[in-house]
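If you use the numbering used here, the sequence shown closes out at 234, no skipped numbers anywhere.
Note that CB positions come from ideal geometry on N, CA and C, so glycine has one too.
It should be emphasised that the depicted structure is a prediction, and the values quoted were computed from it without experimental measurement.
Encoded as structure tokens, the structure appears first; notes follow it.
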Amino acid sequence: CATSSALKNIAQMLHHNRLGAVLLLSLSACNPANSSELSLYTSVKSGDCRKPSTAIAAFYESRGLTTEECDAVKDWRLFAVSSDERSWLELARDATLWSSEEQVVYKNDFGNFPNIGAEKVEWQITRTNTPTALIFRIAAQDPQHTDKNVTRLFVLRFRDNTPYFCGVAKTNQEAMTLAETKDACSTPLQVKELPK
Numbered sequence: 039c040a041t042s043s044a045l046k047n048i049a050q051m052l053h054h055n056r057l058g059a060v061l062l063l064s065l066s067a068c069n070p071a072n073s074s075e076l077s078l079y080t081s082v083k084s085g086d087c088r089k090p091s092t093a094i095a096a097f098y099e100s101r102g103l104t105t106e107e108c109d110a111v112k113d114w115r116l117f118a119v120s121s122d123e124r125s126w127l128e129l130a131r132d133a134t135l136w137s138s139e140e141q142v143v144y145k146n147d148f149g150n151f152p153n154i155g156a157e158k159v160e161w162q163i164t165r166t167n168t169p170t171a172l173i174f175r176i177a178a179q180d181p182q183h184t185d186k187n188v189t190r191l192f193v194l195r196f197r198d199n200t201p202y203f204c205g206v207a208k209t210n211q212e213a214m215t216l217a218e219t220k221d222a223c224s225t226p227l228q229v230k231e232l233p234k
């Protein structure tokens with residue numbers, strides 16, 4: 039089992055590797071089934087993210103969208119994308135961009151005006167900083183009580199350096215179960231080419 043000082047050392051190492059304000063959640067060394075995985079958060083809060091390059095900003099603006107680039111894990115880029123009333127996350131690796139827009143906005147309707155609903159996202163990663171899953175919260179207006187919001191956790195799993203959609207969960211435990219159920223994670227995300 040890793041000690042708390044060991045966890046702090048790993049968190050500091052990740053921070054110095056330019057992952058920004060990354061908080062280490064847990065090292066699963068005590069759990070033989072997941073002994074090779076870490077769980078961590080990175081921020082998608084507007085003040086913690088930054089403007090993308092001119093080319094990337096223009097790529098989104100041409101579709102009436104805005105975006106900010108947020109910290110991600112090794113070899114990956116994370117974008118918080120917004121239309122006038124909705125927002126979602128997009129992931130990039132090299133020149134390939136994967137979008138969760140279809141899943142967040144169109145295919146998993148649980149409320150009105152879905153938007154990124156938390157300041158951090160959760161990554162499951164290996165000890166070599168390779169992502170195995172990404173969990174993020176989406177909030178939407180409750181259709182039955184328009185003065186209230188409801189939230190869901192959206193789960194992606196990485197396979198062969200490609201993120202796949204696993205499903206939507208109401209609780210953290212359900213989200214973790216989805217992320218670990220590899221057969222459920224078979225829906226490809228919409229793919230585009232990211233401009234340089």
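Here's the rule: buried if 16 or more other CB atoms are within 10 angstroms of the residue's CB, otherwise exposed. What is residue i?
| i | result |
| --- | --- |
| N210 | exposed |
| Q182 | exposed |
| F203 | buried |
| Y98 | buried |
| T170 | buried |
| E128 | buried |
| R165 | exposed |
| N153 | buried |
| P201 | buried |
Please report the residue range of the alpha helix (DSSP H) in which residue i lies.
| i | result |
| --- | --- |
| A99 | Per the sequence shown, the amino acid found at residue 99 is Glu instead of Ala. Element bounds for E99: T92 to E99. |
Taking only the alpha-carbon atoms, compute the straight-line gap between residue i and residue j and give it to the nearest angstrom.
| i | j | result |
| --- | --- | --- |
| S81 | S120 | 16 Å |
| V206 | F196 | 16 Å |
| S137 | E218 | 21 Å |
| D237 | V229 | Since the displayed the chain opens at 39 and closes at 234, residue 237 lies outside it and no answer follows. |
| G58 | L78 | Summary for G58: the model assigns pLDDT 43, below 50, so the residue's position carries little reliability, and this model does not support an answer. |
| C223 | A95 | 30 Å |
| E106 | P90 | 6 Å |
| E231 | D132 | 9 Å |
| A118 | R190 | 17 Å |
| K234 | A110 | 18 Å |
Could you spell out the range, first to last residue, of the beta strand (DSSP E) harbouring residue i?
| i | result |
| --- | --- |
| W136 | T134 to S137 |
| R115 | R115 to S120 |
| L127 | S125 to R131 |
| S81 | E75 to S81 |
| E140 | Where E140 is concerned, there is no enclosing beta strand (DSSP E), given that its DSSP letter is neither H nor E. |
| C87 | Counting along the chain, C87 falls outside any beta strand (DSSP E), and DSSP gives it neither H nor E. |
| K234 | Segment: none, K234 is in no beta strand (DSSP E) and carries neither H nor E. |
Legend entry - Runs of beta strand (DSSP E) lying entirely within the segment 143-224, each at least 3 residues, in chain order: The segment 143-224 contains these whole beta strand (DSSP E) runs: 150-154, 158-164, 169-179, 187-197 and 200-207.
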